[in-house]
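Number of protein chains: 2
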Amino acid sequence: MTGSTQAMLGWLRHYRRADLSHDLVASVTLIIFLVPQGLAYALLAGQPPQAGLYASIAPAICYALFGSSAALSVGPAALPALMTAAVIAGMAQLAPAQYAAVAAALALYSGLLRVALGSLRFGFIANFLSSSVVGGFVCGSAVLILLTQIPNLLGVPSHGASAVAIVEGIWAARHGIDWAAPAVSAGTLLALLACRKWLRALLRRIGLGETPADLLAKAAPILVMVLAAVAVSLGALPLRLVGQLPAGAPPLAWPPVAWSALLPMLPAIGAIALIGFIDSYSIAQMLAFKRRENVDANRELIALGVANVAAGVTGGFPVSASFSRSAANELAGARTQLAGLLAAVWMLLVLLAASGVFAKLPLAALAATIVVAVIPLVDLSLLRLAWRYERADAWIFIATGLGVLALGVVDAVMLGVTLSLALFVWRTSQPHVAELGRVAGSEHYRNRLRYTVQMQPGVLALRVDESLYFANFRFVFGSIVGVLRERPDTRSVLLVLSAVNAIDVSALQGLRDLNHGLAAQGVSLHLAEVKGPVMDRLRHSGFLDELSGAVHLSTHAAMLALRGGDAADFVI
Amino acid sequence: MTGSTQAMLGWLRHYRRADLSHDLVASVTLIIFLVPQGLAYALLAGQPPQAGLYASIAPAICYALFGSSAALSVGPAALPALMTAAVIAGMAQLAPAQYAAVAAALALYSGLLRVALGSLRFGFIANFLSSSVVGGFVCGSAVLILLTQIPNLLGVPSHGASAVAIVEGIWAARHGIDWAAPAVSAGTLLALLACRKWLRALLRRIGLGETPADLLAKAAPILVMVLAAVAVSLGALPLRLVGQLPAGAPPLAWPPVAWSALLPMLPAIGAIALIGFIDSYSIAQMLAFKRRENVDANRELIALGVANVAAGVTGGFPVSASFSRSAANELAGARTQLAGLLAAVWMLLVLLAASGVFAKLPLAALAATIVVAVIPLVDLSLLRLAWRYERADAWIFIATGLGVLALGVVDAVMLGVTLSLALFVWRTSQPHVAELGRVAGSEHYRNRLRYTVQMQPGVLALRVDESLYFANFRFVFGSIVGVLRERPDTRSVLLVLSAVNAIDVSALQGLRDLNHGLAAQGVSLHLAEVKGPVMDRLRHSGFLDELSGAVHLSTHAAMLALRGGDAADFVI
Numbered sequence: 016m017t018g019s020t021q022a023m024l025g026w027l028r029h030y031r032r033a034d035l036s037h038d039l040v041a042s043v044t045l046i047i048f049l050v051p052q053g054l055a056y057a058l059l060a061g062q063p064p065q066a067g068l069y070a071s072i073a074p075a076i077c078y079a080l081f082g083s084s085a086a087l088s089v090g091p092a093a094l095p096a097l098m099t100a101a102v103i104a105g106m107a108q109l110a111p112a113q114y115a116a117v118a119a120a121l122a123l124y125s126g127l128l129r130v131a132l133g134s135l136r137f138g139f140i141a142n143f144l145s146s147s148v149v150g151g152f153v154c155g156s157a158v159l160i161l162l163t164q165i166p167n168l169l170g171v172p173s174h175g176a177s178a179v180a181i182v183e184g185i186w187a188a189r190h191g192i193d194w195a196a197p198a199v200s201a202g203t204l205l206a207l208l209a210c211r212k213w214l215r216a217l218l219r220r221i222g223l224g225e226t227p228a229d230l231l232a233k234a235a236p237i238l239v240m241v242l243a244a245v246a247v248s249l250g251a252l253p254l255r256l257v258g259q260l261p262a263g264a265p266p267l268a269w270p271p272v273a274w275s276a277l278l279p280m281l282p283a284i285g286a287i288a289l290i291g292f293i294d295s296y297s298i299a300q301m302l303a304f305k306r307r308e309n310v311d312a313n314r315e316l317i318a319l320g321v322a323n324v325a326a327g328v329t330g331g332f333p334v335s336a337s338f339s340r341s342a343a344n345e346l347a348g349a350r351t352q353l354a355g356l357l358a359a360v361w362m363l364l365v366l367l368a369a370s371g372v373f374a375k376l377p378l379a380a381l382a383a384t385i386v387v388a389v390i391p392l393v394d395l396s397l398l399r400l401a402w403r404y405e406r407a408d409a410w411i412f413i414a415t416g417l418g419v420l421a422l423g424v425v426d427a428v429m430l431g432v433t434l435s436l437a438l439f440v441w442r443t444s445q446p447h448v449a450e451l452g453r454v455a456g457s458e459h460y461r462n463r464l465r466y467t468v469q470m471q472p473g474v475l476a477l478r479v480d481e482s483l484y485f486a487n488f489r490f491v492f493g494s495i496v497g498v499l500r501e502r503p504d505t506r507s508v509l510l511v512l513s514a515v516n517a518i519d520v521s522a523l524q525g526l527r528d529l530n531h532g533l534a535a536q537g538v539s540l541h542l543a544e545v546k547g548p549v550m551d552r553l554r555h556s557g558f559l560d561e562l563s564g565a566v567h568l569s570t571h572a573a574m575l576a577l578r579g580g581d582a583a584d585f586v587i
Numbered sequence: 016m017t018g019s020t021q022a023m024l025g026w027l028r029h030y031r032r033a034d035l036s037h038d039l040v041a042s043v044t045l046i047i048f049l050v051p052q053g054l055a056y057a058l059l060a061g062q063p064p065q066a067g068l069y070a071s072i073a074p075a076i077c078y079a080l081f082g083s084s085a086a087l088s089v090g091p092a093a094l095p096a097l098m099t100a101a102v103i104a105g106m107a108q109l110a111p112a113q114y115a116a117v118a119a120a121l122a123l124y125s126g127l128l129r130v131a132l133g134s135l136r137f138g139f140i141a142n143f144l145s146s147s148v149v150g151g152f153v154c155g156s157a158v159l160i161l162l163t164q165i166p167n168l169l170g171v172p173s174h175g176a177s178a179v180a181i182v183e184g185i186w187a188a189r190h191g192i193d194w195a196a197p198a199v200s201a202g203t204l205l206a207l208l209a210c211r212k213w214l215r216a217l218l219r220r221i222g223l224g225e226t227p228a229d230l231l232a233k234a235a236p237i238l239v240m241v242l243a244a245v246a247v248s249l250g251a252l253p254l255r256l257v258g259q260l261p262a263g264a265p266p267l268a269w270p271p272v273a274w275s276a277l278l279p280m281l282p283a284i285g286a287i288a289l290i291g292f293i294d295s296y297s298i299a300q301m302l303a304f305k306r307r308e309n310v311d312a313n314r315e316l317i318a319l320g321v322a323n324v325a326a327g328v329t330g331g332f333p334v335s336a337s338f339s340r341s342a343a344n345e346l347a348g349a350r351t352q353l354a355g356l357l358a359a360v361w362m363l364l365v366l367l368a369a370s371g372v373f374a375k376l377p378l379a380a381l382a383a384t385i386v387v388a389v390i391p392l393v394d395l396s397l398l399r400l401a402w403r404y405e406r407a408d409a410w411i412f413i414a415t416g417l418g419v420l421a422l423g424v425v426d427a428v429m430l431g432v433t434l435s436l437a438l439f440v441w442r443t444s445q446p447h448v449a450e451l452g453r454v455a456g457s458e459h460y461r462n463r464l465r466y467t468v469q470m471q472p473g474v475l476a477l478r479v480d481e482s483l484y485f486a487n488f489r490f491v492f493g494s495i496v497g498v499l500r501e502r503p504d505t506r507s508v509l510l511v512l513s514a515v516n517a518i519d520v521s522a523l524q525g526l527r528d529l530n531h532g533l534a535a536q537g538v539s540l541h542l543a544e545v546k547g548p549v550m551d552r553l554r555h556s557g558f559l560d561e562l563s564g565a566v567h568l569s570t571h572a573a574m575l576a577l578r579g580g581d582a583a584d585f586v587i
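Sequence lines, in order, name chains A and B. Counting from 1 along the first sequence, just add 15 to a position and that's the residue number in the working numbering. Counting from 1 along the second sequence, just add 15 to a position and that's the residue number in the working numbering.
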């Protein structure tokens, strides 16, 4: 049923000249987003500012070469930056000089892991994360990111990456708070929020078209940044600044991390690989939907993996798709992956020619950008839906979200996955089993508790409303034995399998035991409405030869056959 | 659907005098089994021999009071004894004097855990273990038990509980092997195997009835034991003997294990609680089946928990139901839990009056009993079935079995559970999605790839053959988008939900996104054949108000409505 996906680099082989101007405009939009986001997410990840710019070049080029989505912007992003910071904070014996090496190693090895998983066609692992887990994780992470930025907003040093450590650090440093950093933060925050709220309408009113107004409004952060830098320079305020960046292209180097240091990082590498992939894949799917394209999970996994390997060997940190940049790229009219490729080229030019312009940028203003970017991630709409629709899923959302704050990002993912699998097993472990009777005068058979139906003495017809597998077969067959005790006159048990999409080997063995146990008591077991694929496998297993009763095409056919007392009719 | 279970102690309130003689005979059968098994499983668990006799008293009484199965014999058993030995071997810094305290603590805390789980109605956790995992685990454990008994059979000291440690220990001690222990082992083994094979037929031939012959044949171990003890005494062989047991009732004491030592034991406590429960519950279900009784998982969990707490505070070790004893009890005609209760009383009398008779019993003969009892557990029939029916399940069986030998019992359970959940998610993550067409002249709609059908232009009717949940909704909705790209003329998408038993909140959100995305492209989304419970929840969630199309009773009704171009008909 899946449509064919675009071949690798297909966009380049079939490039149409008409697309060039669109991709060019989109690439300029992208670079306007990338510069402040790169600096800000480097700050969030606990990395030197240039790392964020480096992480915007090679990974974007690699994604353009290997990825399938035209509009996806792969580079610095909030979640992997936060997870990087959490890992670094968790390694107590680490010297600050090693932070960059650890971040690069996280990118490199989580990238290699993704390439391996994608090559082995393990893209389905994305399916282990339910929406409640992802929703709770993103929400909890957003709150944690907001907490991590409070020290930067207040101009005090920040320690640790857990919620408790951050709050303790702020409390300990409360007497060192000067007026300058909070003032710049508050000014930047207000300016950014005002831009988000009113700039678009203002631009529209002064005559701009819809799309340019949209894009300019979204690109406000870079304008506000410039204003903040100018204000700080003119006032000579006592603030922590970004400082002089090393000029030149990203360095090419294998991260100097010993194998022995890698072992304790493995759970984090796995979690970053998984979360980063889910995040990117969801954004790619959303963008593809509009274009009626299909995204191949395994190819995306490989492309994102290669992008992270590239980030790891060029002085970057773990990267992922950014929703805000990808949406802006799409809105700006990106037609092919060339938009992302060109943006990487522009970033390289910025590094080569103009790295000096960032020196005066205050960290407080960058922190304000992070805050404004992250606030929309605190999205409780799924929680509200789940609360109404399925309370247990709401609790998983809450547990995962609080888990991020209390246990850390990696353990929170594990907790969420474990809880949602447990919930799924619990949910399907006691399936609905309906006892059927005949709707008078018809060939229809319905639940005797919901309809007025005629029962046939000596026959117990049961419809199981769930696939039979290891988690529910004991319950189902136990229920049957329970009903039999109340109906000692039963001669035949008929299982109606219209809703059974599969029978696993545990359930098959249970079915064999049921068949033999019933036969020992003189009760025959019959099946009806068995689906094609299930029938094929039951026949292949030899179970149908053991079956004391017969397989019937329909419930009605079975009832007719069993009424005659001769079950040999209608046998397939 | 579940039948009512017998109320607690209901058997005592409604005790009929006619049952007394049956229960009395069964209790004598039980004690004949319990004495050699108690001594042998104490040896297996690395405990002093009296611990096995202690573990046959209070736990059996507690199960009789709280449990629901009349024939289940709870006491020393192979799997919990093996797991106890594995935990003790894994605690390197433990002095031999502490072994008994650790074993008692394992029983006590795994018992408390089971009581807690059962009270919270968590009996469904048994469902996490598929037959492949249990089958592989039992098989691997049986092989491991056989390995652990080789030193006892050869008369050399045994070290460790992992397969590698045992084999290394035997190799290191190979020069210390005397002729006496192997001779007694071989003699006992041959006698036991001969009894198993021919004794029943022999007894029948000399005129015994079927049931007495069966029971006597099964009780052969105690006769062989007595013969071995006599032979050893007469020959004054240089053998390790059971030795003098302390006379008197079991001691009552809380196991002296510090809280700090408990923490590393937690995974083992969890695994013993789970495996012991599954084991007992399966046996109880099998016995209940014959009597058309129903076993309540939560009540069994509590009863087994109380039995283990009792074992823990009376100098025992983890207990469980024994299949051989329970089957013999059933065969001997046990009518109520009084049989188990009386057997406990006889065991107490043995301890008070006759503990001296075991002193001359050679360990080699006990080891031979264990070997004979455990051989039938090496059961590969499920593996053969799975190999034919579902290869992946066969690999889980093999992985869990080898896991017991390579990783140990606790990690093997974790591995098996993780693999089977992963397999289940993988299996259901790419469900069958059929595109439907009309069987000419009928109201039936079938898969267009399997039948010759008529298609309706502009309408895409898809039947999803699986419940929609977090692991498969991305695939299903991705497929739909893929098909839409190939059919740009589609105006309506109809989802036929006849095989969808549930929609979780992740899939619901996916469905909302699909609905909005399709609407934005001028394609309406319709549903048909929605099951009652699914319909109720969809309506409650508010999704039906958002739905761009309508909900139709049947596929045919939907097709008629969509042909008219007016989807407003048939709306529920």
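For each residue, glycine too, the CB sits at the ideal point set by N, CA and C.
- The criterion of a C-beta distance shorter than 9 Å is satisfied by A86 (chain B) and N344 (chain B).
- The C-alpha of I413 (chain B) is placed about 11 Å away from the C-alpha of V153 (chain B).
- Between Q471 (chain B) and G452 (chain B), the alpha-carbon positions lie close to 8 Å from each other.
- Excluding residues up to 5 positions away in sequence, I103 and V117 lie with their Cβ nearer than 7 Å to the Cβ of L109 (chain B) in the same chain.
- The C-beta of K212 (chain A) has fewer than 16 other C-beta atoms within 10 Å across all chains shown, which makes the residue exposed.
- Taking a cut-off of 8 Å on C-beta distances, the segment 332 to 341 of chain A touches the segment 51 to 70 of chain A, as three or more cross pairs fall below it.
- Q524 (chain B) is positioned such that its CB atom lies no closer than 9 Å to that of L94 (chain A).
- In its chain, beyond the 5 residues on either side, S125, L128 and R129 have a beta carbon closer than 6 Å to the beta carbon of A288 (chain B).
- Here the alpha carbons of L24 (chain B) and A235 (chain B) stand approximately 33 Å from one another.
- In the structure shown, S556 (chain A) falls within a helical segment according to DSSP collapsed to helix, strand and coil.
- DSSP places P166 (chain A) in the helix class (H, G or I) of the three-state scheme.
- The CB of S146 (chain A) comes closer than 9 Å to the CB of F485, F488, D519, V520, S521, A522, L523, Q524 and G525 in chain B, given here in chain order.
- The beta-carbon separation of L438 (chain A) and V257 (chain A), rounded to 46 Å, does not stay under the 8 Å limit for a contact.
- Secondary structure note for V117 (chain A): its alpha helix (DSSP H) is the uninterrupted segment Y114 to S134.
- For H571 (chain A), the CB contacts under 6 Å within the same chain, skipping 5 residues up- and downstream, are E458 in chain order.
- In the displayed model, G330 (chain A) falls within coil according to three-state DSSP, outside both helix and strand.
- Every alpha helix (DSSP H) of 4 residues or more that sits fully in the segment 183 to 247 of chain A is shown, in chain order, as 195 to 209, 215 to 220 and 225 to 233.
- When Cβ-Cβ separations below 9 Å define contact, E308 (chain A) makes contact with chain B.
- In this structure, DSSP gives E450 (chain B) an extended state, which the three-state scheme calls strand.
- Annotation: A96 (chain B) has no Cβ neighbours in chain A at a cutoff of 7 Å; minimum Cβ distance is about 25 Å.
- If you draw a straight line from the Cα of N167 (chain B) to the Cα of F492 (chain A), it comes to about 43 Å.
- At a cut-off of 4 residues, the continuous stretches assigned as alpha helix (DSSP H) that sit fully inside the segment 281 to 364 of chain A are 281 to 305, 312 to 328 and 338 to 346.
- According to DSSP, residue pairing for P91 (chain A) in a beta bridge does not occur.
- Counting along the chain, no alpha helix (DSSP H) covers H541 (chain B); the unbroken beta strand (DSSP E) around it starts and ends at S539 to A543.
- The three-state reading of DSSP puts V474 (chain A) in strand, counting E and B together.
- Look at the segment 392 to 418 of chain A: the residues with a C-beta under 7 Å from a C-beta of chain B are L397, L400, A401, R403, Y404, E405 and D408.
- Interface with chain B (9 Å Cβ-Cβ cutoff): E481 (chain A) is included.
- DSSP places Y466 (chain A) in no beta strand (DSSP E); its state is neither H nor E.
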